[in-house]
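Visitor: Residue numbers (this note's numbering): 1261 to 1657.
Positions of the beta carbon are idealized from the N, C-alpha and C atoms, including for glycine.
One structure is given below, represented as structure tokens, and several questions about it will come after.
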Ligand code: CTP
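Right under this line is the structure:
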């Protein structure tokens, strides 16, 4: 459990985005956190207390005047490791900025000295208003972390201006980073992660590629970000949404991937090559679309660059390098040969033929192979595999 036993207060103020706070509460609870939800009066008009009680398994706090709760606002402000407010409406921001303490949530915020994270959400003009901007500046100045708002559709229609709450899954990653970052050795470390397939053109419309979806690399990027790392994700073509807070450089061919890795590796503390670069390309891609012919077509393939091999000389002495070995048969000896040849600290062996492992699934069953040991892990989510990989490399950075 990633957030086992961590204490989080989730403040929910009354905007329509508060229906998404249910997902935040649930994800945090699933990750092992103890989540105390505080609803403002308006939030409780949108989503009622029992919903959050069922999702978190804990009582929901709404009124300062409930019997037996006279000091709860002070205890929560003191004991929570993080107070997160999502959504934070314009009204909540204004009350918090002015130091008003007229309900449970604002009282906790005023009594709070530890970290606070807020995810504003409101109509785009309300967000752009000078009053809201000044309030936010004040709160930033107070040391509060502000996540979003994002640009996108609002309840009242499409918008091209900020106002929409950042998606719940992204807020959860930011909350995790706020909780785990301060104690992780990966905090502030630059980690370059490659993900996804590459594409080698046959002609302007056809490509040679593979079944990689990028999920393993994206899970690693998210997990490293959640530990406070400064993550650069170099991604081949995928349909995945860029993870929160992470710089993504899109690439297409293996050569593009190699150039970007070569450029960023000298300043990196760790490199994780989760990409599945194409090992071959067509020797002479056609300039125009190849027409259908009667009979067979013979194409000559030539090897692409081995990115890990080609960038060896640019690796700083202390960099930690992780590769993946996709084998059909799960051969540890072959994986260890790759580890040695590509000068890696760790190679993650996965068997393409194993059910639930490899491409196009959310789970993976891997063996973590180093020069001295090989640790098989059970079938687990790709995010859980990512945590295991980071646990192994964190002490090395
Ligand atoms: N890799 C690379 N450049 C390539 C191909 C792979 O840097 N052109 C990296 C992968 O990202 C992975 C590791 O090398 O981290 C091993 O990849 P894998 O496909 O298992 O091995 P290959 O070196 O391609 O060897 P083979 O295909 O013969 O198994």
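Could you pull the DSSP bridge partners for residue 1414 from this structure?
Guide: Paired residues: 1417.
Visitor: Provide the residue span of the alpha helix (DSSP H) that contains residue 1594, from first to last.
Guide: Start and end: 1592-1601.
Visitor: Where does residue 1437 sit, in a helix, a strand or coil, going by DSSP?
Guide: Helix at residue 1437.
Visitor: Can you tell me which residues form a DSSP beta bridge with residue 1527?
Guide: Note: residue 1527 sits in no beta bridge, so no partner.
Visitor: Do residue 1552 and residue 1487 have their C-beta atoms closer together than 7 Å?
Guide: Their beta carbons are not under 7 Å apart, which means residue 1552 does not touch residue 1487 by this criterion.
Visitor: What would DSSP say about residue 1477, mapped onto helix, strand or coil?
Guide: Residue 1477: helix per DSSP, three-state reduction.
Visitor: Closest by CA to residue 1639, which one among 1507, 1464 and 1615?
Guide: Cα-wise, what sits closest to residue 1639 is 1615.
Visitor: With a threshold of 6 Å, establish whether the CB of residue 1539 neighbours any heavy atom of ligand 1.
Guide: Yes, since a heavy atom of ligand 1 falls inside the 6 Å radius drawn around the Cβ of residue 1539.
Visitor: Specify whether the segment 1467-1484 and the segment 1407-1414 touch according to this definition: at least 3 beta carbon pairs, one from each stretch, less than 8 Å apart.
Guide: With a cut-off of 8 Å, the segment 1407-1414 and the segment 1467-1484 do not count as touching, because too few Cβ pairs lie within range.
Visitor: What does the Cβ neighbour count give for residue 1443, buried or exposed, with the cut at 16 atoms within 10 Å?
Guide: The residue is exposed, with fewer than 16 neighbouring Cβ atoms inside 10 Å.
Visitor: DSSP on residue 1583, reduced to helix/strand/coil?
Guide: In this structure, residue 1583 counts as strand in the three-state DSSP scheme.
Visitor: Is it buried or exposed for residue 1531, if we count other Cβ within 10 angstroms and need 16 for buried?
Guide: Per the 10 Å Cβ criterion, buried.
Visitor: Is residue 1533 a contact residue of ligand 1, with contact defined as CB to any heavy atom under 6 Å?
Guide: Checking every heavy atom of ligand 1 against the Cβ of residue 1533, one is found closer than 6 Å.
Visitor: If the criterion is Cβ atoms closer than 7 Å, does the pair residue 1341 and residue 1286 meet it?
Guide: No, these two residues do not count as a Cβ contact at 7 Å.
Visitor: With burial defined as no fewer than 16 other Cβ atoms inside 10 Å of the residue's Cβ, what is the status of residue 1537: buried or exposed?
Guide: It counts as buried.
Visitor: Quick check on residue 1619: does DSSP put it in helix, strand or coil?
Guide: Note: residue 1619 maps to coil in three-state DSSP.
Visitor: Starting from residue 1368, trace the alpha helix (DSSP H) in both directions and tell me its first and last residue.
Guide: Per DSSP, residue 1368 belongs to the alpha helix (DSSP H) from 1364-1371.
Visitor: Within the segment 1272-1322, note down every full alpha helix (DSSP H) run reaching 4 residues or more, in order along the chain.
Guide: Fully enclosed alpha helix (DSSP H) runs of 4 or longer: 1281-1290, 1301-1306 and 1309-1316.
Visitor: Report yes or no: do the segment 1442-1461 and the segment 1425-1432 share at least 3 C-beta pairs separated by less than 8 Å?
Guide: These segments do not touch.
Visitor: CB of residue 1584 to nearest heavy atom of ligand 1: below 6 Å?
Guide: Indeed, a heavy atom of ligand 1 lies less than 6 Å from the Cβ.
Visitor: Compare the C-beta of residue 1279 with all C-beta atoms of chain D and state if any pair is closer than 7 Å.
Guide: The structure shown contains no chain D; it holds only a single protein chain.
Visitor: Since I believe residue 1345 is in contact with residue 1303 (beta carbons under 8 Å), could you give me their beta-carbon distance rounded to a whole number of angstroms?
Guide: Contact doesn't hold; Cβ gap of about 10 Å is too wide.
Visitor: Spatial neighbours of residue 1263 within its chain, please: CB distance less than 8 Å, with the 5 preceding and 5 following residues excluded, ordered by chain position.
Guide: Answer for residue 1263: 1288, 1291, 1292, 1293, 1436, 1439 and 1440, listed in chain order.
Visitor: At what residues does the alpha helix (DSSP H) containing residue 1351 begin and finish?
Guide: Its alpha helix (DSSP H) spans residues 1350-1358.
Visitor: Leaving aside the five residues before and after residue 1394 along the sequence, list all residues of the same chain whose C-beta is less than 8 Å from its C-beta, in chain order.
Guide: Same-chain partners within the cutoff: 1357.
Visitor: Suppose the cutoff is 7 Å on Cβ atoms and the five residues either side in sequence are ignored; what does the same chain contact list for residue 1316 look like?
Guide: Excluding positions up to five away in sequence, the list reads 1285, 1289, 1295 and 1297.
Visitor: Considering only residues of the same chain and omitting the five flanking positions on each side of residue 1548, which have a CB-CB separation below 8 Å?
Guide: Contacts found: 1463 and 1464.
Visitor: Write down the C-beta distance between residue 1539 and residue 1562 rounded to the nearest angstrom, noting that I regard them as a contact closer than 8 Å.
Guide: The Cβ separation is near 10 Å, so there is no contact.
Visitor: Check whether the Cβ atoms of residue 1514 and residue 1564 lie closer than 7 Å to each other.
Guide: Yes, the pair counts as a contact, with Cβ atoms nearer than the cut-off.
Visitor: Please classify residue 1334 as buried or exposed, where buried requires at least 16 neighbouring CB atoms within 10 angstroms.
Guide: By the 10 Å Cβ count, residue 1334 comes out exposed.
Visitor: Is residue 1428 helix, strand or coil when you go by DSSP?
Guide: Three-state DSSP puts residue 1428 in a helix.
Visitor: Indicate, with yes or no, if ligand 1 has a heavy atom lying under 6 Å from the CB of residue 1280.
Guide: The answer is no for residue 1280.
Visitor: Quick one: what does DSSP say residue 1519 is sitting in, helix, strand or coil?
Guide: The answer is helix: DSSP assigns residue 1519 an H, G or I state.
Visitor: Helix or strand or just coil, what does DSSP make of residue 1511?
Guide: Residue 1511: coil per DSSP, three-state reduction.
Visitor: Closest to residue 1277 by CA distance: which of 1307, 1419 and 1555 is it?
Guide: Among 1307, 1419 and 1555, the Cα nearest to that of residue 1277 is on 1307.
Visitor: What's the C-alpha gap between residue 1603 and residue 1573?
Guide: So the alpha carbons of these two residues sit roughly 11 Å apart.
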